[in-house]
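Novice: Have a look at this one before I ask anything.
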Amino acid sequence: MSLATSTNYMVPTGREEPWRFTPLNRLAGLHETSVELHDRISLEPADIPAGVVITVEDAVALPPISTNDDHIIRRVRDGVSKVLLVTIEKDAEIALPIFLIRSMLDMTPEISRVQVNAGTNSHATLVIENSGEGVLAEEIEFNLAPGANLRFVTLQEWSARAVHVARHHAIIGKDATFTSYVVSIGGSVVRISPTVEYTGPGSNAELFGLYFATDGQHLEHRVHVEHSVPGARSRVNYKGALNGNSAHTVWIGDVFIKAAAQGTDTYELNRNLLLSHGARADSVPNLEIETGDIVGAGHASTTGRFDDEQLFYLMSRGIPSEQARRLVIRGFFSDIVSKLKLEGIEERIMNRIDSELSVVKI
Amino acid sequence: MSTLEIKGLHVSVITEEGAKEILRGVDLTINSGETHAIMGPNGSGKSTLAYSIAGHPKYTITSGSVTLDGVDVLEMTVDERAKAGLFLAMQYPVEVPGVSVSNFLRTAVTAIRGEAPKVRTWVGEVKEAMSALSMDPAFSERNVNEGFSGGEKKRHEILQMELLKPKIAILDETDSGLDVDALRIVSEGVNRVKENQDLGIMLITHYTRILRYIKPDFVHVFAGGRIVEEGGPELATKLEENGYAEYATA
Chain A
0 MSLATSTNYM VPTGREEPWR FTPLNRLAGL HETSVELHDR ISLEPADIPA GVVITVEDAV
60 ALPPISTNDD HIIRRVRDGV SKVLLVTIEK DAEIALPIFL IRSMLDMTPE ISRVQVNAGT
120 NSHATLVIEN SGEGVLAEEI EFNLAPGANL RFVTLQEWSA RAVHVARHHA IIGKDATFTS
180 YVVSIGGSVV RISPTVEYTG PGSNAELFGL YFATDGQHLE HRVHVEHSVP GARSRVNYKG
240 ALNGNSAHTV WIGDVFIKAA AQGTDTYELN RNLLLSHGAR ADSVPNLEIE TGDIVGAGHA
300 STTGRFDDEQ LFYLMSRGIP SEQARRLVIR GFFSDIVSKL KLEGIEERIM NRIDSELSVV
360 KI
Chain B
0 MSTLEIKGLH VSVITEEGAK EILRGVDLTI NSGETHAIMG PNGSGKSTLA YSIAGHPKYT
60 ITSGSVTLDG VDVLEMTVDE RAKAGLFLAM QYPVEVPGVS VSNFLRTAVT AIRGEAPKVR
120 TWVGEVKEAM SALSMDPAFS ERNVNEGFSG GEKKRHEILQ MELLKPKIAI LDETDSGLDV
180 DALRIVSEGV NRVKENQDLG IMLITHYTRI LRYIKPDFVH VFAGGRIVEE GGPELATKLE
240 ENGYAEYATA
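So the protein sequences, as listed, match chains A and B.
Numbering that gives the first Met the number 0 puts the first residue of the first sequence at 0, with every later residue one more than the last.
Numbering that gives the first Met the number 0 puts the first residue of the second sequence at 0, with every later residue one more than the last.
Below you can see the structure in the form of structure tokens.
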């Protein structure tokens with residue numbers, strides 16, 4: 000174990016655009032150069048199917064493969080001595096999910112770097128589960144070789160005090176498909192930046208997110224999709240519910256279509272459901288287009304209150320109000336959850352949603 | 000044998016200009032096995048009567064009573080009213096995205112019957128009820144009312160009525176938006192449930208068309224928030240010929 004040394008990068012003050020929504024004073028010092036960040040491998044493999052190799056590499060030997068301008072992620076890069084490397088072999092068809100579990104942290108600020116290499120024409124699903132306490136800054140980079148198909152599921156089921164700042168960056172090769180499901184339910188502050196770049200035509204990203212914030216939670220998701228090569232596709236669908244006083248969610252959806260990215264096909268969507276007063280959902284879609292020669296580009300963002308007519312309809316069929324609310328909320332998230340197709344996980348997420356719902360009366 | 004008894008019912012809604020009285024003293028008694036047609040012009044308060052009985056929070060009961068077999072309905076929550084045996088087939092059934100018809104039906108039936116239906120018999124029961132309403136079995140995998148045609152929505156309402164087995168059903172403009180074939184199928188469904196389950200029916204309609212398929216025992220003319228004339232089936236014939244003009248000032 001070594002300690003990260005301080006750097007002289009600009010420390011965010013909260014006035015910068017990328018930090019204006021984030022409660023810096025609740026980050027437990029992850030952004031403060033005076034705070035030391037513990038360096039260790041915190042993910043534990045649970046199930047490693049054949050066709051996958053997981054190793055610990057020296058950070059010097061395995062430098063980052065993408066550019067980064069996030070201050071906290073810079074601290075991760077500077078501070079880690081080891082990187083967890085997940086290698087999915089070329090042509091591997093892996094039906095069983097690869098599980099990596101993180102559940103033994105304490106409230107000491109720490110850092111983590113992971114690199115996932117999906118080999119040519121491989122098929123795999125990687126699940127990273129975060130639970131319990133923790134103050135964590137992490138970077139996960141995905142490198143998808145041509146024709147690779149990688150599904151990435153990450154569950155933030157942190158306990159109430161946890162702080163989690165992460166960047167998930169995917170580099171998607173020709174004819175490769177990256178699908179991610181970011182599920183954020185627990186934690187005091189969660190700030191995740193799922194970002195995507197493409198290196199060849201026919202590449203595809205499907206980015207799904209589900210979040211549920213209750214009393215005092217800050218759950219922030221900053222999606223960034225950069226179309227800089229021709230013929231790539233992206234779909235973004237994030238859904239959130241908020242229940243309780245000063246529950247706060249932030250969704251940023253940046254999609255950039257560079258001049259060279261002819262034939263781009265992109266659509267992003269964010270829906271928020273406010274279940275109580277005193278909750279706040281910020282939703283900022285942002286589409287910048289430098290070429291008109293595209294298949295399609297669109298975005299939608301809606302934030303609305305619970306529909307009492309749905310409640311009345313269900314109750315008029317004998318369904319008690321609490322159960323009717325659960326049905327409606329489960330229904331709201333079902334299009335995303337039902338896509339997971341992971342035994343046990345779907346029902347676990349739905350049960351977590353139920354319990355979030357019962358924290359505060361609507 | 001069940002009885003729904005409405006006495007001196009006054010109901011208001013809150014508007015931007017303050018409370019507005021919609022129902023002005025409704026008296027009506029419906030027994031098991033009876034079909035009562037409530038007919039009247041648009042805006043006369045027919046739907047308000049339906050939703051007030053079902054317990055929609057938009058409507059405030061200012062005076063009067065509604066009882067089912069002597070038990071105060073107005074004291075009950077919306078779901079309790081359904082459990083007590085009341086059913087409202089809505090004119091505009093509500094979409095519930097992400098909730099499948101099969102999940103919805105099983106949840107509702109479990110709530111009404113107080114226990115989950117046995118899987119083996121339940122599947123057959125739903126299948127049979129759907130088939131009787133000429134509904135495609137694939138229908139049960141769709142989300143509740145989402146993307147349904149007008150006819151599909153109304154069939155779905157009657158399907159629920161058949162499965163939930165209420166004592167008294169209120170059919171609010173069930174005929175609206177239906178073509179002749181759909182009207183016949185839906186009406187046959189209503190008649191079948193009435194016969195099998197000794198259902199009492201409050202049939203709210205603007206037009207006499209549905210009365211060719213569902214024969215009323217009593218006809219009540221509704222205007223200005225109350226019943227202004229009552230009679231047998233012959234009253235419907237008179238309305239068909241003369242319309243509601245003579246009640247316009249009521």
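Just so it is clear, CB atoms sit at the ideal spot from N, CA and C, and this is done for glycine as well.
None of the values given here were measured: they were computed from a predicted structure.
#1: Quick one: list the residues of chain B neighbouring I318 of chain A, beta-carbon separation under 7 Å, in chain order.
#2: Output yes or no for whether 8 Å exceeds the beta carbon distance between S11 of chain B and E20 of chain B.
#3: Pick helix, strand or coil for R190 of chain A, following the three-state DSSP scheme.
#4: For Q159 of chain B, go through chain A and note every residue whose CB falls closer than 8 Å to its CB, in chain order.
#5: Distance check for M160 of chain B and S333 of chain A, CA to CA, integer angstroms please.
#6: In the segment 54 to 84 of chain B, which residues sit with their C-beta less than 8 Å from some C-beta in chain A, listed in chain order?
#7: What does L163 of chain B reach in chain A if we use C-beta pairs closer than 8 Å?
#8: Consider the Cβ of K360 of chain A: report whether some Cβ of chain B lies at a distance smaller than 8 Å.
#9: Counting C-beta neighbours from all protein chains within 10 Å, is the total for E267 of chain A 16 or more, i.e. buried, or is it exposed?
#10: Alpha carbon to alpha carbon, how far is R191 of chain B from V93 of chain B? Give it in angstroms, no decimals.
#11: Counting only Cβ pairs nearer than 9 Å, list the residues of chain A close to V10 of chain B.
#12: How about G330 of chain A: is its C-beta nearer than 8 Å to some C-beta of chain B?
#13: Please state if the CB of K193 of chain B and the CB of I200 of chain B are separated by a distance shorter than 8 Å.
#14: Once DSSP output is grouped into helix, strand and coil, what is the label at S130 of chain B?
#15: List, in chain order, every chain A residue whose beta-carbon is nearer than 8 Å to that of G146 of chain B.
#16: Residues of the segment 289 to 316 of chain A in Cβ contact with chain B at a cutoff of 9 Å, in chain order, please.
#17: Excluding sequence positions up to five away, which residues of its chain have a Cβ less than 7 Å from the Cβ of D68 of chain B?
#18: Looking only at its chain, what residues have a beta carbon closer than 7 Å to the beta carbon of G39 of chain B, apart from the 5 residues adjacent to it on each side?
#19: Take S245 of chain A and list the residues in its own chain whose beta-carbon comes closer than 8 Å to its own, dropping the five residues that flank it on each side.
#20: Contact between the segment 297 to 304 of chain A and the segment 82 to 101 of chain B is defined here as three or more beta-carbon pairs at a separation below 8 Å; is this criterion met?
#21: Would you kindly report the start and end of the unbroken beta strand (DSSP E) that includes D281 of chain A?
#22: Return the CA-CA distance between S320 of chain A and D78 of chain B, expressed in angstroms with no decimal places.
#23: Against chain A, with Cβ distances strictly below 8 Å, would V93 of chain B count as a contact?
#24: On the criterion of 16 or more Cβ atoms from any shown chain inside 10 Å, does R105 of chain B qualify as buried, or is it exposed?
#25: CB L154 of chain A to CB E128 of chain A, shorter than 8 Å?
#26: Between the segment 117 to 125 of chain A and the segment 310 to 326 of chain A, do three or more beta carbon pairs fall short of 8 Å?
#27: For a contact meaning CB atoms closer than 8 Å, what does G32 of chain B contact in chain A?
#28: Can you give the Cα-Cα distance for G297 of chain A and A204 of chain A, rounded to whole angstroms?
#29: Between which two residues does the alpha helix (DSSP H) harbouring F147 of chain B extend?
#30: Do N269 of chain A and W250 of chain A have their C-beta atoms within less than 8 Å of each other?
#31: Determine, for G7 of chain B, whether the minimum Cβ-Cβ distance to residues of chain A falls below 8 Å.
#32: Out of curiosity, what's the CA-to-CA distance linking N316 of chain B and R208 of chain B?
#33: Would P22 of chain A and H217 of chain A be called neighbours here (beta carbons separated by less than 8 Å)?
#34: So, helix, strand or coil for E15 of chain B, using DSSP?
#35: With a threshold of 8 Å between beta-carbons, can G97 of chain B be considered close to chain A, or not?
#36: Could you check whether the Cβ of L182 of chain B sits closer than 8 Å to any Cβ belonging to chain A?
Specialist: In short, the structure shows the following:
#1: D78, T106, A107 and A110
#2: yes
#3: strand
#4: R316
#5: 27 Å
#6: G54, H55, P56, T76, V77, D78, R80, A81 and K82
#7: R316 and G317
#8: Low per-residue confidence applies at K360 of chain A: pLDDT is 47, beneath 50, and the placement is therefore not dependable, though the value from the model is reported in the following sentence. So no, K360 of chain A is outside the interface.
#9: buried
#10: 25 Å
#11: By Cβ distance, chain A contributes nothing, its closest Cβ being about 16 Å from V10 of chain B, past 9 Å.
#12: yes
#13: yes
#14: helix
#15: Within chain A, no residue comes near G146 of chain B; the closest Cβ sits about 14 Å away, beyond 8 Å.
#16: D306, D307, E308, Q309, L310, F311, Y312, L313, M314, S315 and R316
#17: S1 and T2
#18: K45, V220, F221, A222 and Y243
#19: D214, G215, G277, A278 and R279
#20: no
#21: R279 to I288
#22: 8 Å
#23: yes
#24: buried
#25: yes
#26: no
#27: Within 8 Å Cβ-Cβ: nothing; G32 of chain B doesn't reach chain A, min ~22 Å.
#28: 15 Å
#29: Per DSSP, F147 of chain B belongs to no alpha helix (DSSP H) and is neither H nor E.
#30: yes
#31: no
#32: Nothing about residue 316 of chain B can be reported from this structure: the residues present for chain B run from 0 to 249 only.
#33: yes
#34: coil
#35: yes
#36: no
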